[in-house]
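Put into C-alpha coordinates, the structure is as follows:
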(Lines of atoms letter the chains of each structure in order from A and count residues from 1; the text may use other names and numbers.)
(Lines give C-alpha, C1' and ligand atoms only; values in the text may rest on other atoms or scores of the structure.)
Protein backbone atom coordinates (compact mmCIF):
# COMPACT_ATOMS: atom_id res chain seq x y z
CA UNK A 1 0.00 0.00 0.00
CA UNK A 2 1.59 3.25 -1.09
CA UNK A 3 0.97 6.53 0.71
CA UNK A 4 -1.47 7.82 -1.95
CA UNK A 5 -3.60 4.69 -1.65
CA UNK A 6 -3.63 5.10 2.12
CA UNK A 7 -4.81 8.72 1.82
CA UNK A 8 -7.59 7.74 -0.60
CA UNK A 9 -8.79 4.93 1.66
CA UNK A 10 -8.81 7.25 4.69
CA UNK A 11 -10.78 9.91 2.82
CA UNK A 12 -13.42 7.33 1.83
CA UNK A 13 -13.49 5.68 5.28
CA UNK A 14 -14.18 9.03 6.97
CA UNK A 15 -17.17 10.02 4.84
CA UNK A 16 -18.29 6.60 3.49
CA UNK A 17 -19.37 8.23 0.24
CA UNK A 18 -17.51 7.63 -3.03
CA UNK A 19 -18.71 10.84 -4.68
CA UNK A 20 -17.78 13.04 -1.72
CA UNK A 21 -14.43 11.32 -1.17
CA UNK A 22 -13.48 11.55 -4.88
CA UNK A 23 -14.30 15.27 -4.89
CA UNK A 24 -12.13 15.91 -1.81
CA UNK A 25 -9.26 14.02 -3.46
CA UNK A 26 -9.76 15.80 -6.79
CA UNK A 27 -10.10 12.53 -8.71
CA UNK A 28 -13.03 10.87 -10.49
CA UNK A 29 -15.36 8.43 -8.73
CA UNK A 30 -14.48 5.57 -11.13
CA UNK A 31 -10.79 6.15 -10.45
CA UNK A 32 -11.37 6.00 -6.69
CA UNK A 33 -13.44 2.80 -7.04
CA UNK A 34 -10.66 1.23 -9.12
CA UNK A 35 -8.03 2.15 -6.50
CA UNK A 36 -10.11 0.70 -3.63
CA UNK A 37 -10.63 -2.55 -5.53
CA UNK A 38 -6.86 -2.76 -6.09
CA UNK A 39 -6.33 -2.21 -2.38
CA UNK A 40 -8.74 -5.03 -1.53
CA UNK A 41 -6.84 -7.31 -3.92
CA UNK A 42 -3.57 -6.32 -2.26
CA UNK A 43 -4.89 -7.32 1.19
CA UNK A 44 -6.96 -10.19 -0.21
CA UNK A 45 -10.08 -9.18 1.71
CA UNK A 46 -13.12 -6.92 1.50
CA UNK A 47 -12.53 -3.56 3.13
CA UNK A 48 -15.99 -2.16 2.42
CA UNK A 49 -19.55 -3.46 2.45
CA UNK A 50 -21.43 -1.91 -0.47
CA UNK A 51 -25.24 -2.14 -0.58
CA UNK A 52 -28.28 -0.04 -1.37
CA UNK A 53 -28.13 1.67 2.00
CA UNK A 54 -24.57 2.87 1.40
CA UNK A 55 -21.02 1.96 2.25
CA UNK A 56 -19.66 0.65 5.54
CA UNK A 57 -16.27 -0.55 6.73
CA UNK A 58 -15.78 -4.25 7.31
CA UNK A 59 -13.83 -5.44 10.34
CA UNK A 60 -10.76 -5.63 8.08
CA UNK A 61 -11.52 -2.12 6.84
CA UNK A 62 -11.72 -0.80 10.41
CA UNK A 63 -8.34 -2.36 11.21
CA UNK A 64 -6.77 -0.88 8.07
CA UNK A 65 -8.29 2.51 8.92
CA UNK A 66 -6.47 2.53 12.27
CA UNK A 67 -3.16 1.45 10.74
CA UNK A 68 -3.40 3.76 7.73
CA UNK A 69 -4.07 6.73 10.02
CA UNK A 70 -0.83 6.08 11.86
CA UNK A 71 1.10 5.45 8.64
CA UNK A 72 -0.03 8.71 7.02
CA UNK A 73 0.54 10.75 10.18
CA UNK A 74 4.07 9.40 10.65
CA UNK A 75 4.84 9.87 6.96
CA UNK A 76 3.74 13.50 7.09
CA UNK A 77 5.77 14.14 10.26
CA UNK A 78 8.88 12.58 8.72
CA UNK A 79 8.47 14.55 5.50
CA UNK A 80 8.03 17.80 7.42
CA UNK A 81 11.12 17.12 9.54
CA UNK A 82 13.22 16.19 6.52
CA UNK A 83 12.15 19.31 4.64
CA UNK A 84 12.98 21.45 7.67
CA UNK A 85 16.39 19.79 7.96
CA UNK A 86 17.07 20.35 4.27
CA UNK A 87 16.09 24.02 4.48
CA UNK A 88 17.80 24.71 7.81
CA UNK A 89 20.84 26.97 7.68
CA UNK A 90 24.14 25.44 8.73
CA UNK A 91 26.19 27.72 10.98
CA UNK A 92 29.91 26.98 11.27
CA UNK A 93 31.06 28.01 14.74
CA UNK A 94 34.68 28.52 15.84
CA UNK A 95 36.29 29.85 18.98
CA UNK A 96 38.00 28.96 22.22
CA UNK A 97 35.08 27.20 23.88
CA UNK A 98 36.98 25.72 26.79
CA UNK A 99 35.62 28.71 28.73
CA UNK A 100 32.75 27.29 30.80
CA UNK A 101 30.50 30.34 30.52
CA UNK A 102 30.89 30.63 26.74
CA UNK A 103 30.57 26.89 26.21
CA UNK A 104 27.37 26.65 28.26
CA UNK A 105 25.61 29.44 26.37
CA UNK A 106 26.86 28.29 22.95
CA UNK A 107 25.83 24.67 23.57
CA UNK A 108 22.35 25.61 24.79
CA UNK A 109 21.89 28.03 21.88
CA UNK A 110 22.84 25.25 19.45
CA UNK A 111 20.20 22.97 21.00
CA UNK A 112 17.53 25.70 20.85
CA UNK A 113 18.42 26.45 17.22
CA UNK A 114 18.15 22.79 16.26
CA UNK A 115 14.90 22.12 18.14
CA UNK A 116 13.22 25.21 16.67
CA UNK A 117 14.59 24.57 13.16
CA UNK A 118 16.40 27.91 13.27
CA UNK A 119 19.85 26.61 12.34
CA UNK A 120 22.11 23.59 12.40
CA UNK A 121 25.16 24.66 14.41
CA UNK A 122 28.42 22.82 13.71
CA UNK A 123 31.54 23.35 15.82
CA UNK A 124 34.52 23.63 13.49
CA UNK A 125 37.83 22.60 15.11
CA UNK A 126 40.61 25.06 14.35
CA UNK A 127 44.36 25.01 14.91
CA UNK A 128 44.72 28.55 13.64
CA UNK A 129 43.41 31.94 14.69
CA UNK A 130 39.60 31.49 14.62
CA UNK A 131 39.13 35.12 13.66
CA UNK A 132 41.07 34.48 10.46
CA UNK A 133 38.65 31.68 9.60
CA UNK A 134 35.72 34.08 9.96
CA UNK A 135 37.47 36.71 7.83
CA UNK A 136 38.27 34.15 5.11
CA UNK A 137 34.73 32.75 5.08
CA UNK A 138 35.79 29.30 6.32
CA UNK A 139 33.63 29.85 9.42
CA UNK A 140 30.46 31.86 9.96
CA UNK A 141 30.81 33.01 13.56
CA UNK A 142 33.42 33.08 16.30
CA UNK A 143 32.89 33.14 20.06
CA UNK A 144 35.73 34.65 22.07
CA UNK A 145 37.37 37.66 23.66
CA UNK A 146 38.23 40.58 21.41
CA UNK A 147 38.74 44.32 21.24
CA UNK A 148 35.61 45.78 19.64
CA UNK A 149 37.63 48.72 18.29
CA UNK A 150 39.75 46.34 16.21
CA UNK A 151 36.77 44.27 15.11
CA UNK A 152 35.00 47.34 13.73
CA UNK A 153 37.92 48.09 11.41
CA UNK A 154 37.59 44.68 9.76
CA UNK A 155 33.95 45.13 8.69
CA UNK A 156 32.91 42.61 11.32
CA UNK A 157 29.95 42.68 13.69
CA UNK A 158 30.80 42.23 17.35
CA UNK A 159 27.78 41.29 19.51
CA UNK A 160 28.34 40.89 23.28
CA UNK A 161 28.03 37.19 24.13
CA UNK A 162 28.75 36.71 27.85
CA UNK A 163 29.74 39.41 30.34
CA UNK A 164 31.36 38.52 33.70
CA UNK A 165 32.38 40.63 36.68
CA UNK A 166 36.08 40.79 37.54
CA UNK A 167 38.07 40.22 40.71
CA UNK A 168 41.64 40.97 41.70
CA UNK A 169 43.34 37.94 43.27
CA UNK A 170 46.19 38.69 45.69
CA UNK A 171 48.11 36.98 48.47
CA UNK A 172 46.64 37.18 51.97
CA UNK A 173 49.34 39.66 53.07
CA UNK A 174 48.75 42.04 50.16
CA UNK A 175 47.30 45.46 51.11
CA UNK A 176 44.30 44.81 48.83
CA UNK A 177 43.37 41.72 50.86
CA UNK A 178 41.71 43.90 53.51
CA UNK A 179 39.69 45.92 50.99
CA UNK A 180 36.06 45.26 50.11
CA UNK A 181 36.67 46.52 46.59
CA UNK A 182 39.18 48.32 44.39
CA UNK A 183 39.08 50.44 41.24
CA UNK A 184 41.18 50.31 38.09
CA UNK A 185 42.97 53.42 39.32
CA UNK A 186 44.14 51.46 42.39
CA UNK A 187 46.13 49.23 40.03
CA UNK A 188 48.30 52.09 38.76
CA UNK A 189 51.24 51.16 41.01
CA UNK A 190 50.67 47.40 40.95
CA UNK A 191 52.24 44.69 38.80
CA UNK A 192 49.65 42.60 37.00
CA UNK A 193 50.18 39.01 35.94
CA UNK A 194 49.97 38.92 32.16
CA UNK A 195 49.47 35.38 30.92
CA UNK A 196 50.39 34.80 27.30
CA UNK A 197 48.13 32.35 25.45
CA UNK A 198 45.51 32.30 22.73
CA UNK A 199 42.82 32.40 25.41
CA UNK A 200 44.19 35.17 27.61
CA UNK A 201 45.75 37.59 25.10
CA UNK A 202 42.44 39.06 23.84
CA UNK A 203 41.15 39.19 27.42
CA UNK A 204 44.29 41.03 28.52
CA UNK A 205 43.70 43.59 25.77
CA UNK A 206 40.40 44.46 27.46
CA UNK A 207 42.14 44.85 30.84
CA UNK A 208 44.75 47.13 29.32
CA UNK A 209 42.05 49.28 27.73
CA UNK A 210 40.39 49.73 31.14
CA UNK A 211 43.67 50.96 32.63
CA UNK A 212 44.55 53.24 29.72
CA UNK A 213 41.18 54.96 30.06
CA UNK A 214 42.40 55.95 33.54
CA UNK A 215 45.58 57.41 32.08
CA UNK A 216 48.18 54.69 32.70
CA UNK A 217 49.63 51.59 31.11
CA UNK A 218 49.72 48.74 33.63
CA UNK A 219 53.03 47.25 34.76
CA UNK A 220 53.11 43.55 33.99
CA UNK A 221 54.88 40.29 34.76
CA UNK A 222 54.55 38.14 31.65
CA UNK A 223 54.06 34.40 32.09
CA UNK A 224 53.49 31.78 29.34
CA UNK A 225 50.34 29.79 30.12
CA UNK A 226 49.11 27.29 27.56
CA UNK A 227 46.66 25.61 29.95
CA UNK A 228 44.68 26.17 33.16
CA UNK A 229 47.25 24.32 35.27
CA UNK A 230 49.92 26.87 34.45
CA UNK A 231 47.44 29.71 34.75
CA UNK A 232 46.22 28.90 38.25
CA UNK A 233 49.37 27.33 39.74
CA UNK A 234 51.60 30.35 39.11
CA UNK A 235 52.78 31.93 42.39
CA UNK A 236 51.22 35.32 42.92
CA UNK A 237 54.26 36.71 44.83
CA UNK A 238 53.16 40.28 45.54
CA UNK A 239 51.49 40.77 42.15
CA UNK A 240 47.83 40.94 41.15
CA UNK A 241 45.87 38.46 39.05
CA UNK A 242 42.83 39.91 37.29
CA UNK A 243 40.27 37.40 36.08
CA UNK A 244 36.54 36.73 35.83
CA UNK A 245 34.71 35.91 39.04
CA UNK A 246 32.78 33.02 37.49
CA UNK A 247 35.88 30.94 36.76
CA UNK A 248 35.47 27.64 38.62
CA UNK A 249 39.22 27.07 39.05
CA UNK A 250 39.61 30.55 40.44
CA UNK A 251 36.90 29.79 42.99
CA UNK A 252 38.76 26.65 44.06
CA UNK A 253 41.93 28.67 44.46
CA UNK A 254 40.19 31.13 46.75
CA UNK A 255 38.40 28.40 48.70
CA UNK A 256 41.72 26.79 49.61
CA UNK A 257 42.95 30.05 51.12
CA UNK A 258 45.76 30.36 48.57
CA UNK A 259 44.59 33.85 47.68
CA UNK A 260 42.05 36.58 48.38
CA UNK A 261 39.57 37.80 45.80
CA UNK A 262 38.76 41.51 45.82
CA UNK A 263 36.01 42.75 43.47
CA UNK A 264 36.83 45.53 41.02
CA UNK A 265 33.94 47.91 41.54
CA UNK A 266 34.19 50.25 38.53
CA UNK A 267 31.18 50.15 36.21
CA UNK A 268 33.29 48.82 33.32
CA UNK A 269 34.91 46.05 35.39
CA UNK A 270 33.51 43.38 33.11
CA UNK A 271 35.22 40.84 30.90
CA UNK A 272 33.15 40.39 27.76
CA UNK A 273 33.27 37.67 25.14
CA UNK A 274 31.76 38.41 21.77
CA UNK A 275 29.96 36.69 18.93
CA UNK A 276 31.90 37.91 15.91
CA UNK A 277 30.81 37.55 12.28
CA UNK A 278 31.03 39.30 8.95
CA UNK A 279 28.41 41.99 8.43
CA UNK A 280 27.27 40.34 5.19
CA UNK A 281 26.28 37.20 7.16
CA UNK A 282 23.88 38.96 9.52
CA UNK A 283 20.77 37.67 7.75
CA UNK A 284 22.11 34.11 7.52
CA UNK A 285 22.86 34.09 11.25
CA UNK A 286 19.56 35.63 12.37
CA UNK A 287 18.13 32.28 13.47
CA UNK A 288 21.18 31.41 15.55
CA UNK A 289 21.30 34.90 17.06
CA UNK A 290 17.64 34.44 18.08
CA UNK A 291 18.53 31.08 19.64
CA UNK A 292 21.37 32.74 21.59
CA UNK A 293 18.93 35.25 23.06
CA UNK A 294 16.45 32.51 24.06
CA UNK A 295 19.24 30.48 25.66
CA UNK A 296 20.54 33.53 27.52
CA UNK A 297 17.05 34.28 28.88
CA UNK A 298 16.69 30.69 30.08
CA UNK A 299 20.07 30.74 31.85
CA UNK A 300 19.36 34.11 33.48
CA UNK A 301 15.98 32.88 34.75
CA UNK A 302 17.55 29.74 36.15
CA UNK A 303 20.22 31.82 37.88
CA UNK A 304 17.54 34.06 39.41
CA UNK A 305 15.59 31.05 40.70
CA UNK A 306 18.74 29.67 42.32
CA UNK A 307 19.40 32.98 44.07
CA UNK A 308 15.83 33.05 45.41
CA UNK A 309 16.17 29.48 46.70
CA UNK A 310 19.46 30.28 48.40
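Numbering (our numbering), first residue to last: 293 to 602. Backbone N, C-alpha and C fix where the C-beta goes; we use that ideal spot for every residue, glycine too. Since this is a predicted model, take the numbers as computed values, not measurements.
Three-state class that DSSP yields for residue i in the structure shown
i, result
"residue 364", "helix"
"residue 525", "helix"
"residue 516", "strand"
"residue 319", "coil"
"residue 458", "strand"
"residue 381", "coil"
"residue 404", "helix"
"residue 341", "strand"
"residue 396", "helix"
"residue 451", "strand"
"residue 429", "coil"
"residue 482", "coil"
"residue 269", "Here the chain comprises residues numbered 293 to 602, so residue 269 is not present and cannot be evaluated."
"residue 589", "helix"
"residue 331", "helix"
"residue 465", "coil"
"residue 301", "helix"
"residue 353", "helix"
"residue 494", "helix"
"residue 508", "coil"
"residue 423", "helix"
"residue 306", "helix"
"residue 312", "helix"
"residue 373", "helix"
"residue 296", "helix"
"residue 324", "helix"
"residue 573", "helix"
Euclidean distance between Cα positions of residue i and residue j
i, j, result
"residue 383", "residue 312", "48 Å"
"residue 412", "residue 515", "39 Å"
"residue 405", "residue 352", "44 Å"
"residue 414", "residue 342", "57 Å"
"residue 403", "residue 417", "19 Å"
"residue 541", "residue 524", "7 Å"
"residue 422", "residue 557", "32 Å"
"residue 319", "residue 408", "37 Å"
"residue 324", "residue 381", "41 Å"
"residue 638", "residue 391", "This structure leaves residue 638 out entirely; the chain is present only between 293 and 602."
"residue 464", "residue 551", "6 Å"
"residue 513", "residue 483", "7 Å"
"residue 436", "residue 505", "22 Å"
"residue 399", "residue 498", "25 Å"
"residue 486", "residue 397", "27 Å"
"residue 576", "residue 528", "46 Å"
"residue 296", "residue 317", "10 Å"
"residue 580", "residue 315", "44 Å"
"residue 366", "residue 334", "22 Å"
"residue 394", "residue 526", "24 Å"
"residue 293", "residue 410", "35 Å"
"residue 564", "residue 493", "13 Å"
Beta-bridge partners of residue i, as assigned by DSSP
i, result
"residue 436", "566"
"residue 579", "DSSP output for residue 579 lists no bridge partner at all."
"residue 413", "383"
"residue 346", "343"
"residue 542", "Residue 542 is not bridged to any residue."
"residue 487", "515"
"residue 474", "556"
"residue 534", "460"
Own chain residues within Cβ distance below 8 Å of residue i, not counting five before or after
i, result
"residue 426", "386, 432, 433, 434, 448, 568, 569, 570"
"residue 500", "509, 510"
"residue 357", "301, 302, 305, 349"
"residue 469", "462, 463, 552, 554"
Own chain, CB closer than 7 Å to residue i, minus 5 neighbours either side, in chain order
i, result
"residue 360", "298, 301, 302"
"residue 363", "298"
"residue 424", "none"
"residue 595", "none"
Residues near residue i by beta carbon distance below 6 Å, same chain, minus five either side
i, result
"residue 401", "583, 584, 587"
"residue 561", "458"
"residue 553", "459, 461, 546"
"residue 535", "542"
"residue 328", "none"
Exercise. For the region 474 to 493 against the region 447 to 458, are there 3 or more C-beta pairs whose distance is under 8 Å?
Worked result: no
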